[in-house]
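Colleague: Sharing a structure below in structure tokens format, with a few things to ask.
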Amino acid sequence: MIDNDHNGKFRLQAVKGAFGGDDIDEILRHCHACGDFSDIYLSDESRIVVKSHGLIYPVFDQRPLRMEELSRFFMKLTDDPAAASTVLQGNPYDGSYSHLSVKDDNRSRPVRYRANAISYLNPKAQKGIQLTMRTINFVPPKLAAMALEKGIFNNISPRQGLVIVSGETGSGKTTLLASVLRYRMEMKNGHCIINAYEAPIEYLHSELAYQSDPTNQIYQTEVNPLGWIKSFAVGIRASLRRNPNGFLIGECRDLETIEASIRAASSGHFVYTTTHANSVSDTITRFINEFPSHERQARYYEMISNLRLIVAQYLAVSVDGKRVPIREYLVFSKEVRDQLKAVEFKDSERMIRKIIDDQGQFDSEFAQSTSQSAKHHLDIGAISQETYDLIISGV
């Protein structure tokens with residue numbers, strides 16, 4: 110059992126005995142009662158800490174989590190007694206978890222988390238488990254809440270083609286695409302079927318009233334080696350026999366998924382996906398470099414032919430301690446696609462930078478650079494000079 114102590118923002122005073130599996134729910138409820146947080150980190154032989162608006166807070170003073178306790182937590186999360194040993198054998202875990210949390214009005218509400226676990230070297234120089242749980246929302250936000258630039262808003266719902274949102278972990282890629290899907294699903298008489306493959310499912314589109322409109326449907330499937338479907342690529346291939354209008358592919362992280370996503374776009378579907386890259390040009394390089402060198406030029410041509418929009422997003426710390434999106438984007442109009450297909454892959458990064466430099470300005474219909482976005486947010490007082498300098502140093 111746990112005794113509360115609110116001297117620290119997220120701090121719990123003491124633990125009487127060892128943690129049981131159900132104590133993970135009590136810890137999560139306590140943290141939610143203390144304030145908004147984005148992530149909680151649980152690692153054997155280390156203290157439990159949470160991240161709130163980019164700051165790290167300990168949950169217990171000088172109280173490391175023991176391996177047997179973390180194993181109990183993990184079994185509670187996965188409902189699998191062998192889950193911890195599976196991770197220790199070198200198999201990372203991606204999944205989701207839900208529980209009820211009591212809010213200020215004393216009403217219980219569901220809270221959902223994305224859970225990722227991997228083996229790591231613990232402070233005792235032994236193999237251990239590091240578990241990260243990220244809070245996720247049930248209900249997708251409205252697209253209007255994303256404060257999108259004109260060029261993004263006007264081109265993020267193509268009839269056919271590939272739309273990629275890139276950025277580092279925690280940069281809001283999934284949230285942005287969830288809002289896009291909500292926007293498409295709320296279109297009247299949209300007659301749209303979307304197959305979504307996610308690892309894990311974060312936003313639940315079934316929570317919204319538009320699911321009762323038979324002209325728009327979204328079918329969400331979780332990609333998880335322990336069940337559901339084994340890989341994104343398997344889902345895409347299966348979907349081509351299900352006759353959807355489009356896809357959400359949670360992340361293009363390997364050759365098989367990248368290839369399947371490009372092929373799905375080339376077969377007349379719209380495809381939304383994410384990847385870890387920091388700019389428009391880096392996004393294309395990230396995709397094409399997955400292919401063998403002798404295939405890259407042909408794959409580059411195929412990808413460019415089907416691209417419609419790339420958005421590279423970074424969440425900067427705002428002056429009020431929250432987050433503000435800094436975005437680079439390029440609309441792949443026919444003219445832009447023709448320009449890029451006229452050069453070899455090895456020269457594409459230079460050409461993309463030139464196109465963005467020539468066409469780009471803040472809130473442009475066609476392109477915007479990271480520098481232009483950052484300068485705008487500095488000028489309106491949304492970010493500090495220090496934050497601006499940090500952003501520019503990475504451009």
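Following the numbering used here, the residues of the sequence shown are numbered contiguously, the last one being 504.
Note that beta-carbon positions come from the ideal geometry of N, C-alpha and C, so glycine has one too.
This one's a predicted model, so the numbers in the text were calculated from it and none came from an experiment.
1) Please report the residue range of the alpha helix (DSSP H) in which L443 lies.
2) Beta-carbon within less than 8 angstroms of R346's beta-carbon, same chain only, minus the 5 sequence neighbours each way: which residues are those?
3) In chain order, what residues of the same chain have a beta carbon less than 6 angstroms from the beta carbon of Y381, not counting five sequence neighbours either side?
4) Give the straight-line distance between the Cα atoms of G430 and H162, rounded to the nearest whole angstrom.
5) Kindly identify the DSSP beta-bridge partner or partners of G355.
6) Bridge partners of A425, per DSSP?
7) Specify whether the segment 163 to 175 and the segment 244 to 251 touch according to this definition: at least 3 beta carbon pairs, one from each stretch, less than 8 angstroms apart.
8) The alpha helix (DSSP H) that contains G59, what's its start and end?
9) Excluding the 5 residues preceding and the 5 following C361 in the sequence, name in chain order all residues of the same chain whose CB lies nearer than 6 angstroms to its CB.
10) Helix, strand or coil, according to DSSP, for E360 in the structure here?
11) Using 8 angstroms as the cut-off, can you tell me whether the segment 175 to 185 makes contact with the segment 254 to 268, which would need three or more C-beta pairs spanning the two stretches below that distance?
12) Find out if the Cβ-Cβ distance for the pair L151, L174 is shorter than 8 angstroms.
13) How should L240 be labelled, buried or exposed, when 16 other C-beta atoms within 10 angstroms of its C-beta is the threshold for buried?
14) Taking the straight line between their C-alpha atoms, what separation do you get for G270 and R446?
15) Roughly how many angstroms separate the alpha carbons of K282 and M255, rounded to a whole number?
16) Would L424 and V440 qualify as a contact pair, given that the criterion is a beta-carbon distance under 8 angstroms?
17) Starting from the C-beta of I397, find all residues in its chain whose C-beta is less than 7 angstroms away, skip the five residues before and the five after it, and write them out in chain order.
18) Using only alpha-carbon positions, find the residue among T244, S194, A234, Y206 that is nearest to I227.
19) Leaving aside the five residues before and after E365 along the sequence, list all residues of the same chain whose C-beta is less than 6 angstroms from its C-beta, in chain order.
20) Closest to R462 by C-alpha separation, out of H485, T496, T392, would be which residue?
21) Taking the C-alpha atoms as reference points, what is the distance between I501 and R351?
22) Just the C-alpha distance for V158 and T496, rounded to the nearest angstrom, thanks.
23) Does the beta-carbon of Q494 have 16 or more other beta-carbons within 10 angstroms, so that it is buried, or is it exposed?
24) Strictly under 8 angstroms for the Cβ-Cβ distance: is C140 near chain B by that measure?
25) Would you decide whether V428 is buried or exposed? Buried here means 16 or more other CB atoms lie within 10 Å of its CB.
26) Can you check whether the CB of R243 is closer than 8 angstroms to the CB of S147?
27) With three or more beta-carbon pairs closer than 8 angstroms as the criterion, would you say the segment 467 to 474 touches the segment 188 to 207?
28) Flag this pair as yes or no: are the beta carbons of I338 and Y292 separated by less than 8 angstroms?
29) In the structure shown, what three-state DSSP assignment does G199 receive?
30) Any idea which residues DSSP pairs A224 with across the strands?
31) Should Q477 go down as buried or exposed, given a rule of 16 or more other Cβ atoms within 10 Å for buried?
32) With distances taken Cα to Cα, identify the nearest neighbour of K297 among N325, N304, A308, V274.
33) For T384, which three-state DSSP category applies?
34) Between the Cα of P353 and those of A373, S340, D456, D363, spot the shortest distance and give me the residue it belongs to.
35) Since I believe S482 is in contact with R436 (beta carbons under 8 angstroms), could you give me their beta-carbon distance rounded to a whole number of angstroms?
36) Do the CB positions of Y206 and A192 come within less than 8 angstroms of each other?
Modeller: Considering the structure as presented:
1) The residue labelled residue 443 in the question sits at position 334 within the sequence shown. Per the sequence presented here, residue 443 reads as Lys, with Leu not at that position. Segment 443 to 450, the alpha helix (DSSP H) holding K443.
2) Here residue 346 corresponds to residue number 237 of the sequence shown, with the count starting at 1. Excluding positions up to five away in sequence, the list reads A369.
3) On the sequence shown, residue 381 is found 272 positions in, with the first residue counted as 1. Result list for Y381: V272, L286, L357, in chain order.
4) Taking the first residue of the sequence shown as position 1, residue 430 is located at position 321. Taking the first residue of the sequence shown as position 1, residue 162 is located at position 53. Their Cα atoms are separated by approximately 7 angstroms.
5) The residue you call residue 355 lines up with position 246 of the sequence shown. According to DSSP, G355 bridges with I303, F379.
6) Locating residue 425 in the sequence shown gives position 316, where the first residue counts as 1. Answer is V433.
7) no
8) Since the first residue of the chain shown is 110 and the last is 504, residue 59 is not available in this structure.
9) Position 252 of the sequence shown, counted from the start, is the residue given in the question as residue 361. If we look at C361 and ignore the five residues flanking it on each side, its Cβ neighbours are I367, S370, T382, T384.
10) Counted from its first residue, the sequence shown places residue 360 at position 251. If DSSP states are grouped into helix, strand and coil, E360 belongs with coil.
11) no
12) By 1-based counting over the sequence shown, the position of residue 151 is 42. By 1-based counting over the sequence shown, the position of residue 174 is 65. In this structure, L174 lies closer than 8 angstroms to L151 by Cβ.
13) Counting from one through the sequence shown, the residue named residue 240 turns up at place 131. Buried is the call here.
14) Residue 270 sits at position 161 when you count from the first residue of the sequence shown. Residue 446 sits at position 337 when you count from the first residue of the sequence shown. Their backbone Cα atoms lie some 12 angstroms apart in a straight line.
15) Within the sequence shown, numbered from 1, the residue matching residue 282 stands at position 173. Within the sequence shown, numbered from 1, the residue matching residue 255 stands at position 146. For K282 and M255, the distance between alpha carbons rounds to 11 angstroms.
16) For the purposes of this step, residue 424 is taken as the residue at position 315 of the sequence shown. For the purposes of this step, residue 440 is taken as the residue at position 331 of the sequence shown. Not a contact, by the Cβ cut-off of 8 angstroms.
17) Counted from its first residue, the sequence shown places residue 397 at position 288. Correct list, in chain order: R405, R408, Y409, M412, F454.
18) As a working mapping, residue 227 is identified with position 118 in the sequence shown. Taking only the C-alpha atoms, the option nearest I227 is S194.
19) Along the sequence shown, read from residue 1 onward, the residue named residue 365 stands at position 256. Closer than 6 angstroms at the Cβ level, and outside the excluded window around E365, lie A342.
20) The residue you call residue 462 lines up with position 353 of the sequence shown. For R462, the nearest C-alpha among the options comes from T392.
21) In the sequence shown, counting from the first residue as 1, residue 501 sits at position 392. In the sequence shown, counting from the first residue as 1, residue 351 sits at position 242. Roughly 45 angstroms between the two C-alpha positions.
22) Here residue 158 refers to the residue found at position 49 of the sequence shown. Here residue 496 refers to the residue found at position 387 of the sequence shown. Spanning the two alpha carbons is a distance of roughly 25 angstroms.
23) Locating residue 494 in the sequence shown gives position 385, where the first residue counts as 1. So Q494 ends up on the exposed side.
24) Included in the structure is just one protein chain, with no chain B present.
25) For the purposes of this step, residue 428 is identified with residue 319 of the sequence shown, where counting begins at 1. Exposed is the call here.
26) If you number the sequence shown from 1, residue 147 lands on position 38. If you number the sequence shown from 1, residue 243 lands on position 134. Yes, the Cβ-Cβ distance between S147 and R243 is below 8 angstroms.
27) no
28) Sequence index remark: in the sequence shown, residue 338 carries index 229 (1-based). Sequence index remark: in the sequence shown, residue 292 carries index 183 (1-based). Not in contact: I338 and Y292 (Cβ atoms no closer than 8 angstroms).
29) Taking the first residue of the sequence shown as position 1, residue 199 is located at position 90. G199 falls in the coil class under three-state DSSP.
30) As a working note, residue 224 is residue 115 in the sequence shown. According to DSSP, which records beta bridges pairwise, A224 is partnered with G204, M242.
31) Locating residue 477 in the sequence shown gives position 368, where the first residue counts as 1. When all chains shown are included, Q477 counts as buried.
32) Position 188 of the sequence shown, counted from the start, is the residue given in the question as residue 297. Closest by alpha carbon: N325.
33) Position 275 of the sequence shown, counting from 1, holds the residue named residue 384. Looking at T384 - three-state DSSP - the assignment turns out to be strand.
34) Within the sequence shown, numbered from 1, the residue matching residue 353 stands at position 244. The option with the nearest alpha carbon to P353 is A373.
35) Sequence index remark: in the sequence shown, residue 436 carries index 327 (1-based). Sequence index remark: in the sequence shown, residue 482 carries index 373 (1-based). Between S482 and R436 the Cβ distance is about 5 angstroms, and since that is below 8 angstroms, they are a contact.
36) Here residue 206 corresponds to residue number 97 of the sequence shown, with the count starting at 1. Here residue 192 corresponds to residue number 83 of the sequence shown, with the count starting at 1. No, the Cβ-Cβ distance between Y206 and A192 is not below 8 angstroms.
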